[in-house]
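Asker: Chains R and U are the protein sequences, given in the same order. Every letter in the first sequence is one number past the one before it in my numbering, and letter 227, counting from 1, is 227. Count along the second sequence from 1, then add 391; that gives the number in my numbering. Ideal Cβ placement from N, Cα and C applies to all residues, glycine included. Take a look at the following structure, please.
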Amino acid sequence: MNLCVEYVNRQAERLIAEALRYAYVITDRALRLVEMYDPLGMLRIPQDEANATFYDIVPELIGSEKIVEDILAGTTSQHALPMLNRERSGHRVDYVELLLLPYPDSTGLGAGVLCVIKDVTEASILQQELIQQRNESLLLRSQLTRHNEALLQANAELQHLNEMKMQFVSVAAHELRTPLTPMLGFLEMLLSDEVGPLNELQRKFMGIVKSSVDRMLDSANNLLDLTRLQTGHIELVLSPCDIGALIEAVSTQYSPMFTAKKQMLQTHTPLTIPPVLCDQERVRQVLTNLFSNASKYSSEEGHIAVTVQAAAEKGYLQITVADDGIGIPDEDQAKVFGTFFRAANAGETGASGAGLGLAITQMLIEQHGGRIWFESGVNRGTAFHFTLPIA
Amino acid sequence: MITVSKKVCLLGDFAVGKTSLVRRLVHSIFEDKYLATIGVKVSRKSMTLSDEHGAVEMNLMLWDLAGSEEFTRMRTSYLRGAAGAVLVCDLTRPETLPALNVYVNALRDINSQVALAIAANKCDLEDQQQLPRHEIENFATNLAAPFYLTSAKDGTAVTTLFEHLCTLLLQQTAQV
Numbered sequence: 001m002n003l004c005v006e007y008v009n010r011q012a013e014r015l016i017a018e019a020l021r022y023a024y025v026i027t028d029r030a031l032r033l034v035e036m037y038d039p040l041g042m043l044r045i046p047q048d049e050a051n052a053t054f055y056d057i058v059p060e061l062i063g064s065e066k067i068v069e070d071i072l073a074g075t076t077s078q079h080a081l082p083m084l085n086r087e088r089s090g091h092r093v094d095y096v097e098l099l100l101l102p103y104p105d106s107t108g109l110g111a112g113v114l115c116v117i118k119d120v121t122e123a124s125i126l127q128q129e130l131i132q133q134r135n136e137s138l139l140l141r142s143q144l145t146r147h148n149e150a151l152l153q154a155n156a157e158l159q160h161l162n163e164m165k166m167q168f169v170s171v172a173a174h175e176l177r178t179p180l181t182p183m184l185g186f187l188e189m190l191l192s193d194e195v196g197p198l199n200e201l202q203r204k205f206m207g208i209v210k211s212s213v214d215r216m217l218d219s220a221n222n223l224l225d226l227t228r229l230q231t232g233h234i235e236l237v238l239s240p241c242d243i244g245a246l247i248e249a250v251s252t253q254y255s256p257m258f259t260a261k262k263q264m265l266q267t268h269t270p271l272t273i274p275p276v277l278c279d280q281e282r283v284r285q286v287l288t289n290l291f292s293n294a295s296k297y298s299s300e301e302g303h304i305a306v307t308v309q310a311a312a313e314k315g316y317l318q319i320t321v322a323d324d325g326i327g328i329p330d331e332d333q334a335k336v337f338g339t340f341f342r343a344a345n346a347g348e349t350g351a352s353g354a355g356l357g358l359a360i361t362q363m364l365i366e367q368h369g370g371r372i373w374f375e376s377g378v379n380r381g382t383a384f385h386f387t388l389p390i391a
Numbered sequence: 392m393i394t395v396s397k398k399v400c401l402l403g404d405f406a407v408g409k410t411s412l413v414r415r416l417v418h419s420i421f422e423d424k425y426l427a428t429i430g431v432k433v434s435r436k437s438m439t440l441s442d443e444h445g446a447v448e449m450n451l452m453l454w455d456l457a458g459s460e461e462f463t464r465m466r467t468s469y470l471r472g473a474a475g476a477v478l479v480c481d482l483t484r485p486e487t488l489p490a491l492n493v494y495v496n497a498l499r500d501i502n503s504q505v506a507l508a509i510a511a512n513k514c515d516l517e518d519q520q521q522l523p524r525h526e527i528e529n530f531a532t533n534l535a536a537p538f539y540l541t542s543a544k545d546g547t548a549v550t551t552l553f554e555h556l557c558t559l560l561l562q563q564t565a566q567v
């Protein structure tokens, strides 16, 4: 009967051990093995089991002898080591929890050490996977933050260099322009015969000199405008403006330019259009740039049309300057508003330019709150459209 | 020959290379893939040292502790009984150096005489270095601990660092 009870108890104990996945070791005070329970094969069994000590079975505690001594002496009631990794073959890792307790004798005094080992591999593997993913994300984030900081620093350095470049260009343009003004004044005096008559050859040469001075002055002014616009140093003086009248005034001013190439300029302005809110001098500059380009890049006897109409955006007028000139090649169209850019076919008409006019024009229009765009095709002409807010 | 067993903990933030340093020292191998450690992994390494009294075999029980913050609560039970520690930071992540203070405080709460050495790891990643040498020097000076620029990948200074720590552990044993 006793044997039967003992057998049933052992079976029950084995089932509980399998369900809870635990094993234990009991030692005497000299840490010699007294009893070992390991139904799942979790412990490291030394070859010489009879002479095995506690440290042969739980080698992780070598070097931690003081803790075991404290347990034996009763100065420490327990010592737990959660999630102890045990490497198995093939990169497999088992995780166990280890609990050290004093093993009391019949009088309740410490007769040895009880070490309970619990297998927690299943839950630990899940935790490892979660922590792995979290740590990889943190590493990636830290890497991105460092890259971002490096980019910000590089950007700040580039901005500083750009500011230095702008400052240099601005000073250089100013210094170039200053002597041009008296040169132009004296040339005009010479050409108007105020200081005596010029012969035909002298007049022709003086005309060439004046034309070159005009171009230099134009380039210096464009460079100054560009640096001021890029550094935000141009403030618009806004007021209501009759755009139709302004177009007529600029057309009249530049009519000699069109006449010289026998080009026809037509303006289409509705009879009643509301005034726009703009800086008249700056819009005059925009129209001048667009008229000049239309003339330069159109052949003799070409047609140029200027139209004013309501824009698609409510509260804006749209102004279009269209020509039937050489057009802009498709591959150059994205770069047209860039600085110092000239289309590949720009030299075909013999026109000169630094490639600043359209960059300045775009910045001026955008500073007004408008937008500028174009349609073009090689030998199909170009139409530039821009919008300005109604006053 | 005398044999001395000592528990040595490897401490530092996650992914600084603690497990890789142990693998390099114990198995002379390195794996590029990062595998987060959870809990603690104990490895054994015997090193023979010679001094004026003869040869001593140091039986190091290397406790590779998880660096992730989830294990802060468990750290005290892992640190109990530690005679020495290798504090590991990552030369490509400057924040991992000051983070070592937390581990030093936890260690010293348990053993004020603990022997320390610092491993500034990943010195092979030359183009990604973010930690200036003088910062590591200052940190090491404050702790009165030696420091080494190590690489678990190519093995630079790994054995030297542990040998130095063994010497400190022996001196500590002699004083006791």
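Are there 16 or more other CB atoms within 10 angstroms of the CB of Trp454/U, so buried, or fewer, so exposed?
Answerer: Start at 1 with the first residue of the second sequence, and residue 454/U comes out as number 63. So Trp454/U ends up on the buried side.
Asker: Output needed in chain order: residues of the stretch 425–440 of chain U with a Cβ under 9 Å from some Cβ in chain R.
Answerer: Tyr425, Leu426, Ala427, Thr428, Ile429, Gly430, Val431, Lys432, Val433, Ser434 and Arg435
Asker: On the CB-based measure, 16 or more other CB atoms within 10 Å of its CB, does Arg466/U come out buried or exposed?
Answerer: Start at 1 with the first residue of the second sequence, and residue 466/U comes out as number 75. Under this definition Arg466/U is a buried residue.
Asker: Just to confirm, does Thr394/U get its C-beta within under 7 Å of one of the non-hydrogen atoms of the ligand MN?
Answerer: Summarising the ligand content, the structure contains no ligands, and the ligand MN is consequently not present.
Asker: Let me check one thing: in DSSP terms, what residues is Val395/U bridge-paired to?
Answerer: Taking the second sequence and counting its residues from 1, the one referred to as residue 395/U is at position 4. For Val395/U, which the question treats as bridged, DSSP gives the partners Met449/U.
Asker: From the beta carbon of Glu461/U, is the nearest beta carbon of chain R less than 8 Å away?
Answerer: Numbered from 1 along the second sequence, position 70 holds the residue referred to as residue 461/U. Chain R contact via Cβ: present.
Asker: Does the structure place the stretch 179–198 of chain R close enough to the stretch 238–246 of chain R that three or more beta carbon pairs sit under 8 Å?
Answerer: no
Asker: Taking CB distances under 8 Å as the criterion, tell me whether Ala406/U reaches chain R.
Answerer: The residue given as residue 406/U occupies position 15 in the second sequence. It does; some Cβ of chain R falls within 8 Å.
Asker: How would you list, in chain order, the residues of chain U whose beta-carbon sits under 9 Å from the beta-carbon of Glu281/R?
Answerer: By one-based count along the first sequence, residue 281/R stands at place 281. Neighbours of Glu281/R on chain U: none; closest Cβ ~53 Å, over 9 Å.
Asker: With distance defined between alpha-carbon atoms, name the residue in Ala294/R, Glu13/R and Ile247/R nearest to Glu281/R.
Answerer: Numbered from 1 along the first sequence, position 281 holds the residue referred to as residue 281/R. Measuring from the Cα of Glu281/R, the nearest candidate turns out to be Ile247/R.
Asker: Beta-carbon of Ser396/U versus every beta-carbon of chain R: anything under 8 Å?
Answerer: The residue given as residue 396/U occupies position 5 in the second sequence. Output row for Ser396/U: interface = yes.
Asker: Does Glu486/U pass the burial test, meaning 16 or more other C-beta atoms within 10 Å, or should it be called exposed?
Answerer: In the second sequence, counting from the first residue as 1, residue 486/U sits at position 95. Result: exposed.
Asker: Taking only beta-carbon atoms, is Tyr316/R less than 8 Å away from chain U?
Answerer: Taking the first sequence and counting its residues from 1, one reaches residue 316/R at position 316. No, Tyr316/R does not count as interfacial toward chain U.
Asker: Could you tell me which chain R residues have their CB closer than 8 Å to the CB of Tyr469/U, listed as they occur along the chain?
Answerer: Residue numbering aside, residue 469/U sits at position 78 when the second sequence is read from its first letter. The answer, in chain order, is Leu81.
Asker: Should Cys278/R go down as buried or exposed, given a rule of 16 or more other Cβ atoms within 10 Å for buried?
Answerer: As a first step, residue 278/R is located in the first sequence; it is residue number 278 there, counting from the start. The residue in question, Cys278/R, is buried, as its Cβ has 16 or more Cβ neighbours within 10 Å.
Asker: Does the stretch 446–463 of chain U come close enough to the stretch 401–410 of chain U that 3 or more CB-CB pairs lie under 8 Å?
Answerer: Yes: at least three Cβ pairs fall under 8 Å.
Asker: Using the C-alpha atoms, what's the distance from Val34/R back to Arg464/U?
Answerer: For the purposes of this step, residue 464/U is taken as residue 73 along the second sequence, with counting starting at 1. For the purposes of this step, residue 34/R is taken as residue 34 along the first sequence, with counting starting at 1. Distance between the alpha carbons of Arg464/U and Val34/R is about 33 Å.
Asker: What number of angstroms, rounded off, separates the C-alpha of Leu114/R from the C-alpha of Lys66/R?
Answerer: Reading the first sequence from its first residue, position 114 is the one you call residue 114/R. Reading the first sequence from its first residue, position 66 is the one you call residue 66/R. Rounded to the nearest angstrom, the two C-alpha atoms are 16 Å apart.
Asker: Tell me which residue opens and which closes the beta strand (DSSP E) that Gly475/U is part of.
Answerer: Residue 475/U sits at position 84 when you count from the first residue of the second sequence. Following the DSSP letters along the chain, one finds Gly475/U inside the beta strand (DSSP E) bounded by residues Gly475 to Asp481.
Asker: Please return the same chain residues whose Cβ sits closer than 7 Å to the Cβ of Arg21/R, not counting the five positions on each side in sequence.
Answerer: The residue given as residue 21/R occupies position 21 in the first sequence. So the qualifying residues of the chain are Leu40, Lys118 and Asp119.
Asker: Assign Asn496/U to one of three DSSP states: helix, strand, or coil.
Answerer: On the second sequence, position 105 is the one that residue 496/U refers to. Three-state result, Asn496/U: helix.
Asker: Checking contacts by CB at 8 Å: is Gly472/U closer than that to chain R?
Answerer: Counting from one through the second sequence, the residue named residue 472/U turns up at place 81. By this cut-off, Gly472/U is an interface position.
Asker: Would a C-beta distance cut-off of 8 Å place Val286/R and Phe386/R closer than the cut-off?
Answerer: For the purposes of this step, residue 286/R is taken as the residue at position 286 of the first sequence. For the purposes of this step, residue 386/R is taken as the residue at position 386 of the first sequence. Yes.
Asker: Mind pulling the chain U residues with CB within less than 8 Å of Leu139/R?
Answerer: Working through the first sequence from its first residue, we reach residue 139/R at position 139. By Cβ distance, chain U contributes Ala406 and Tyr425.
Asker: Could you tell me the alpha carbon to alpha carbon distance between Ala311/R and Gln318/R, rounded to whole angstroms?
Answerer: Walking along the first sequence from the start, residue 311/R turns up at place 311. Walking along the first sequence from the start, residue 318/R turns up at place 318. If you take the alpha carbons of Ala311/R and Gln318/R, they lie about 5 Å apart.
Asker: List in chain order: all unbroken beta strand (DSSP E) runs of 3+ residues lying wholly within the stretch 262–310 of chain R.
Answerer: 264–268, 276–278 and 303–310
Asker: With a threshold of 8 Å between beta carbons, is Met452/U in contact with chain R?
Answerer: Within the second sequence, the letter at position 61 stands for residue 452/U. Yes, contact with chain R.
Asker: Suppose contacts are defined by Cβ-Cβ distances below 8 Å. Is Glu60/R in contact with Leu84/R by that definition?
Answerer: Residue mapping note: residue 60/R aligns to position 60 of the first sequence, counting from 1. Residue mapping note: residue 84/R aligns to position 84 of the first sequence, counting from 1. Yes. Within cutoff.
Asker: Glu443/U by DSSP, collapsed to three states: which one?
Answerer: Sequence index remark: in the second sequence, residue 443/U carries index 52 (1-based). Looking at Glu443/U - three-state DSSP - the assignment turns out to be coil, as it is neither helix nor strand.
Asker: With DSSP as the reference, identify every bridge partner of Val116/R, one or two as the case may be.
Answerer: Here residue 116/R refers to the residue found at position 116 when the first sequence is read from its first residue. Tyr24/R and Leu99/R, per the DSSP bridge assignment.
Asker: Three Cβ pairs or more, each shorter than 8 Å: is that satisfied between the stretch 505–519 of chain U and the stretch 469–480 of chain U?
Answerer: yes
Asker: Starting from the C-beta of Val171/R, find all residues in its chain whose C-beta is less than 8 Å away, skip the five residues before and the five after it, and write them out in chain order.
Answerer: The sequence position of residue 171/R within the first sequence is 171, counting from 1. Cβ neighbours of Val171/R beyond the five flanking positions: none.
Asker: Could you say which of Arg88/R, Glu87/R and His79/R lies nearest to Leu99/R if we only look at CA atoms?
Answerer: The residue you call residue 99/R lines up with position 99 of the first sequence. Per the Cα distances, His79/R.
Asker: Considering only the beta carbon of each residue, do Gly430/U and Tyr95/R sit closer than 8 Å?
Answerer: Against the second sequence, residue 430/U aligns to sequence position 39. Against the first sequence, residue 95/R aligns to sequence position 95. In this structure, Tyr95/R lies closer than 8 Å to Gly430/U by Cβ.
Asker: With a cut-off of 8 Å, does the C-beta of Met449/U fall near any C-beta of chain R?
Answerer: As a first step, residue 449/U must be located in the second sequence, where it is residue number 58. No, no contact with chain R.
Asker: Taking only three categories from DSSP, how would you classify Phe553/U?
Answerer: For the purposes of this step, residue 553/U is identified with residue 162 of the second sequence, where counting begins at 1. Phe553/U falls in the helix class under three-state DSSP.
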